[in-house]
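Residue numbers (UniProt numbering): 1 to 491.
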């Protein structure tokens, strides 16, 4: 596999650079060190590696032509949207071309009668709901970064969010895709109807993290807005009681739109940062519960949920039904990751999943690991589906701190697997967690996945070195390419 170096690009013009400029124009290509440093990482800023070039296509045809150049010249490429990913999925590999879809921001079609929308990958998550809310519709998947994250990245990582408990993750809301494969060919998968004949290539592509190609058009399912919505905030003296309440609510046959837990550390961080004045600072944990549906259903379920919370030791419950009050209750949760910056110079976030019934046990184990390693952990998570987001607080300026924090994060992921869970719920594997894949999958499992990847990506040019383990260790994600893909300088 060939790659490009900055030495090859700067100075005398290079033929590859000229080819990309011919496709997207000079303003659509970045090549100087000052420009490239902006794109050296995604939301997992602990790992950095600048690309050789950055290109900004605006159409499917331009994406296809860019990838054809990469295929012809043997140049690796990495897709990137808004760059909010938290697993290093958009981390550039050595000598790669970074294909940034942030200029592909058109909503191509709105079909309210059939509850469908077609968008380009650079469309921001919240724009979908904003486009149809006046007509009484919304888009359910809502990552905490939804005001800045793009749909292409949501598709690549199979993002979730608060409402994934009741409504599912991105895969449950994508009906079809227009794809550019790693050889530059353009294919359509799925359709505007829920089921189509043949292999489920749409389902295969969602969550493939850019290793099978790039989505340039996305057909989304939109939903009717519910008749009634109520948000409950219950506070507890300890986080284990909040976790037990989650299991009891589901066991009672109630499926809220979402259930979120924040611990005391997170509560005080968000109050310091955004000042909601809704979260009691002395609470061991708060549980946010959103109920939606018919008004009579929401009213009945609310009474049951309140009774369950009090049985499990809730001190107080606050209820909100009007939009402004609901938004105020959610404001702190949506700002939790950003607020963690108030607590520490740096933090490392993980993304494991566990069975709901294991919440009390696992939370206690996470606290024990925090004590063992000597790093505070702020817990913010999608409690309804057991998707944990422990934020490990540390100072990257301290020598060796990142390595210890990575080790601690790995122990949390292994704990999730041991209790019957997963190493990722919505952030993906990327460069960060690939070394933990053997903890969850057998060698035969991983080989089968590689067969699929090679069927679409036989030259290993699309996002090389991501998802699957290599001989490298977990602390070397900054060098995301595999030794098997060492480049040969040919330009």
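Yeah, the Cβ is synthetic: ideal placement off N, Cα and C, and Gly gets one too.
A quick note: this is a predicted structure, and the numbers were derived from the prediction, not measured.
Beta bridge counterpart(s) of residue i as assigned by DSSP
| i | result |
| --- | --- |
| residue 230 | 291 |
| residue 53 | 97 |
| residue 437 | Looking at the DSSP assignment, residue 437 forms no beta bridge with any residue, so it has no partner. |
| residue 351 | In DSSP, residue 351 forms no bridge with anything. |
| residue 141 | Residue 141 pairs with nothing; no bridge assigned. |
| residue 176 | 190, 219 |
| residue 379 | 390 |
| residue 258 | 290 |
| residue 79 | 99 |
| residue 285 | 236, 263 |
| residue 117 | 110, 220 |
| residue 316 | 235 |
| residue 124 | 150 |
| residue 422 | 353 |
| residue 346 | 394 |
Classification of residue i by the beta-carbon crowding that lies within 10 angstroms, buried from 16 upward
| i | result |
| --- | --- |
| residue 51 | buried |
| residue 15 | exposed |
| residue 213 | buried |
| residue 303 | exposed |
| residue 101 | buried |
| residue 120 | buried |
| residue 316 | exposed |
| residue 490 | Because residue 490 carries a pLDDT of 32, less than 50, the predicted location of this residue cannot be relied on, and the following value inherits that uncertainty. It counts as exposed. |
| residue 200 | exposed |
| residue 61 | exposed |
| residue 185 | exposed |
| residue 413 | buried |
| residue 27 | exposed |
| residue 146 | buried |
| residue 451 | exposed |
| residue 37 | exposed |
| residue 371 | exposed |
| residue 241 | buried |
| residue 22 | exposed |
| residue 342 | exposed |
| residue 277 | exposed |
| residue 445 | exposed |
| residue 477 | Bear in mind that a pLDDT of 46 at residue 477, under 50, signals an unreliable position, so the model cannot answer this. |
| residue 528 | In the structure as shown, the chain begins at 1 and stops at 491. Residue 528 is therefore absent and cannot be evaluated. |
| residue 12 | No answer about residue 12 holds up, because its pLDDT of 33 lies below 50 and its placement is not dependable. |
Rounded Cβ spacing between residue i and residue j (contact assumed at less than 8 Å)
| i | j | result |
| --- | --- | --- |
| residue 29 | residue 53 | 6 Å |
| residue 245 | residue 287 | 6 Å |
| residue 349 | residue 421 | About 17 Å separates the two Cβ atoms, so there is no contact after all. |
| residue 456 | residue 182 | 6 Å |
| residue 153 | residue 82 | 6 Å |
| residue 155 | residue 180 | Between residue 180 and residue 155 the Cβ distance is about 13 Å, and since that is not below 8 Å, they are no contact. |
| residue 202 | residue 189 | 4 Å |
| residue 423 | residue 405 | With a Cβ gap of about 16 Å, residue 423 and residue 405 do not count as contacting. |
| residue 224 | residue 137 | 6 Å |
| residue 259 | residue 239 | Contact doesn't hold; Cβ gap of about 13 Å is too wide. |
| residue 118 | residue 219 | 5 Å |
| residue 85 | residue 425 | Wrong, their Cβ atoms sit about 14 Å apart, outside the cutoff. |
| residue 107 | residue 63 | Contact doesn't hold; Cβ gap of about 18 Å is too wide. |
Of the listed residues the options, nearest to residue i (C-alpha basis)
| i | options | result |
| --- | --- | --- |
| residue 110 | 222, 103, 189 | 222 |
| residue 382 | 184, 148, 247 | 247 |
| residue 366 | 97, 263, 114 | 263 |
| residue 197 | 216, 176, 182 | 176 |
| residue 338 | 378, 326, 323 | 378 |
| residue 68 | 369, 459, 467, 270 | 459 |
| residue 410 | 435, 386, 387 | 435 |
| residue 293 | 255, 49, 327, 265 | 255 |
| residue 449 | 413, 115, 209, 91 | 209 |
| residue 492 | 426, 427, 418 | Outside the modelled stretch of the chain, which goes from 1 to 491, sits residue 492, for which no answer is possible. |
| residue 387 | 363, 105, 453 | 363 |
| residue 307 | 407, 396, 252 | 252 |
| residue 19 | 34, 71, 170 | 71 |
| residue 95 | 88, 399, 75 | 75 |
| residue 105 | 131, 170, 91 | 131 |
| residue 427 | 87, 415, 206 | 87 |
| residue 273 | 313, 257, 340, 433 | 340 |
| residue 169 | 125, 17, 327, 43 | 125 |
| residue 207 | 151, 330, 45 | 151 |
| residue 385 | 97, 368, 357, 374 | 357 |
| residue 347 | 257, 46, 187 | 46 |
| residue 237 | 295, 328, 314 | 314 |
| residue 42 | 91, 25, 66, 35 | 91 |
Are the segment 277-285 and the segment 181-201 touching by the rule of at least three beta carbon pairs closer than 8 Å? With a cut-off of 8 Å, the segment 181-201 and the segment 277-285 do not count as touching, because too few Cβ pairs lie within range.
With three or more beta-carbon pairs closer than 8 Å as the criterion, would you say the segment 159-168 touches the segment 125-141? With the cut-off at 8 Å, the segment 159-168 and the segment 125-141 touch.
Would the segment 232-239 and the segment 302-320 be scored as touching if the rule is three or more Cβ pairs under 8 Å? yes
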